[in-house]
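Undergrad: If you want our numbering, it's the 1-based position in the sequence shown plus 3. Ideal Cβ placement from N, Cα and C applies to all residues, glycine included.
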Amino acid sequence: MSKANPGFIRRLWRKFWSPAGAVSLGVILVAGFFVGVVFWGGFHWALEMTNTEKFCISCHEMEDNVYAEYQGTVHQNNSSGVRATCPDCHVPKDWGPKIVRKIQASKELYGHFITRSIWTREKFEDHRLVMATREWRRMKSTDSKECRNCHSFDFMDFTQQENRAADNHQIALDEGKTCIDCHQGVAHELPENWQAEYEEMSNQLAAEGNLTLPDGRVVADAKDELNGYLSGSTN
């Protein structure tokens, strides 16, 4: 290798920094950028298309069972008109967990098209406890993250809640409970023997160290307001 006969890397470097090479490299970068934008936009569009209530109930197993149970619940129809649809509760909003959940859903597609594991009402009921436990485990291990997209202890005014709700939410705060610990059957029917299964699942998570419990919160002010409200209501 000499100046008259440079090596491959040196020739490539000179070519890149020649006028023609610089223009070619610029065209490639610009084209790559626009292709990337189009690809990312298409991927995001397809992802969000699978993240709608309409898509969720396109399988008759969901439409005839859990979606039918969801009709008329406070999450579907209420005075404020604010609804929580299937993906609001069952699909994480953060990018990483959302992709993981979508990958896991491929098994559900396999069950729909190949094994037909919950194809009939009878099969669905046979698997209800397993499916419910899977969701309970996911929500408890993340401190009911999907619930907290709308409901947060930090912004609850206990004085405006019914006495029973205010008392239970205060207990949940004091004992570090999460939403799913009390609302296992929200929007859906509870399977038989669910209490024992939930307790066993909770014990397993605790033993595995996979619980994400709420951070300690200072609730003295809320407690004083609540006690004052309850005292006034009993006079």
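Would you kindly report the start and end of the unbroken alpha helix (DSSP H) that includes residue 67?
TA: Here the question's residue 67 lines up with position 64 in the sequence shown. Looking at the DSSP string, residue 67 is not in any alpha helix (DSSP H), and its letter there is neither H nor E.
Undergrad: Can you tell which of 192, 140 and 187 has its C-alpha closest to the C-alpha of residue 212?
TA: Here residue 212 is taken as the residue at index 209 of the sequence shown, counted from 1. With distances taken between CA atoms, residue 212 lies nearest to 140 out of 192, 140 and 187.
Undergrad: Rounded to a whole number of angstroms, what is the C-alpha to C-alpha distance between residue 126 and residue 120?
TA: The count along the sequence shown starts at 1 and reaches residue 126 at position 123. The count along the sequence shown starts at 1 and reaches residue 120 at position 117. Between residue 126 and residue 120, the C-alpha separation is close to 7 Å.
Undergrad: Please state the DSSP three-state secondary structure of residue 204.
TA: Counting from 1 along the sequence shown, the entry for residue 204 is found at position 201. Residue 204: helix per DSSP, three-state reduction.
Undergrad: Are the CB atoms of residue 73 and residue 191 nearer to each other than 8 Å?
TA: Numbered from 1 along the sequence shown, position 70 holds the residue referred to as residue 73. Numbered from 1 along the sequence shown, position 188 holds the residue referred to as residue 191. Against a cut-off of 8 Å, the Cβ pair of residue 191 and residue 73 comes out as a contact.
Undergrad: Would you mind stating whether residue 48 and residue 135 have Cβ atoms separated by less than 8 Å?
TA: As a position in the sequence shown, residue 48 is number 45, starting the count at 1. As a position in the sequence shown, residue 135 is number 132, starting the count at 1. Residue 135 is positioned such that its CB atom lies no closer than 8 Å to that of residue 48.
Undergrad: Touching or not, the segment 138 to 154 and the segment 87 to 96, by the rule of three or more beta carbon pairs under 8 Å?
TA: yes
Undergrad: How would you call residue 102, buried or exposed, if buried means at least 16 neighbouring beta carbons within 10 angstroms?
TA: In the sequence shown, the residue the question calls residue 102 occupies position 99. So residue 102 counts as exposed.
Undergrad: Following the continuous alpha helix (DSSP H) through residue 171, name the residue where it begins and the one where it ends.
TA: Position 168 of the sequence shown, counted from the start, is the residue given in the question as residue 171. Start and end: 166 to 178.
Undergrad: Under 8 Å, do residue 10 and residue 18 count as touching if we go by C-beta distance?
TA: Translated into the one-based positions of the sequence shown, residue 10 becomes position 7. Translated into the one-based positions of the sequence shown, residue 18 becomes position 15. Not a contact, by the Cβ cut-off of 8 Å.
Undergrad: Give the straight-line distance between the Cα atoms of residue 22 and residue 29, rounded to the nearest whole angstrom.
TA: Residue mapping note: residue 22 aligns to position 19 of the sequence shown, counting from 1. Residue mapping note: residue 29 aligns to position 26 of the sequence shown, counting from 1. In a straight line, the C-alpha of residue 22 is about 11 Å away from that of residue 29.
Undergrad: At which residues does the alpha helix (DSSP H) containing residue 90 begin and terminate?
TA: The residue given as residue 90 occupies position 87 in the sequence shown. Run containing residue 90: 89 to 93, per the alpha helix (DSSP H) assignment.
Undergrad: Please state whether DSSP places residue 182 in a helix, a strand or coil.
TA: For the purposes of this step, residue 182 is identified with residue 179 of the sequence shown, where counting begins at 1. Note: residue 182 maps to helix in three-state DSSP.
Undergrad: Starting from the Cα of residue 142, find the closest Cα among 111, 180, 106 and 123 and give me that residue.
TA: One-based indexing of the sequence shown puts residue 142 at position 139. Nearest C-alpha to residue 142: 180.
Undergrad: On the three-state DSSP scale, how would you describe residue 17?
TA: Working through the sequence shown from its first residue, we reach residue 17 at position 14. Note: residue 17 maps to helix in three-state DSSP.
Undergrad: For residue 145 and residue 108, what's the separation of their Cα atoms in angstroms?
TA: Your numbering for residue 145 matches position 142 in the sequence shown. Your numbering for residue 108 matches position 105 in the sequence shown. Taking the straight line joining both Cα atoms gives about 18 Å.
Undergrad: Excluding the 5 residues preceding and the 5 following residue 79 in the sequence, name in chain order all residues of the same chain whose CB lies nearer than 7 Å to its CB.
TA: On the sequence shown, position 76 is the one that residue 79 refers to. Taken in chain order, the residues that qualify are 73 and 86.
Undergrad: Would you kindly report the start and end of the unbroken alpha helix (DSSP H) that includes residue 104?
TA: As a position in the sequence shown, residue 104 is number 101, starting the count at 1. Run containing residue 104: 98 to 113, per the alpha helix (DSSP H) assignment.
Undergrad: In three-state terms, what does DSSP make of residue 153?
TA: As a first step, residue 153 is located in the sequence shown; it is residue number 150 there, counting from the start. Correct three-state label for residue 153: coil.
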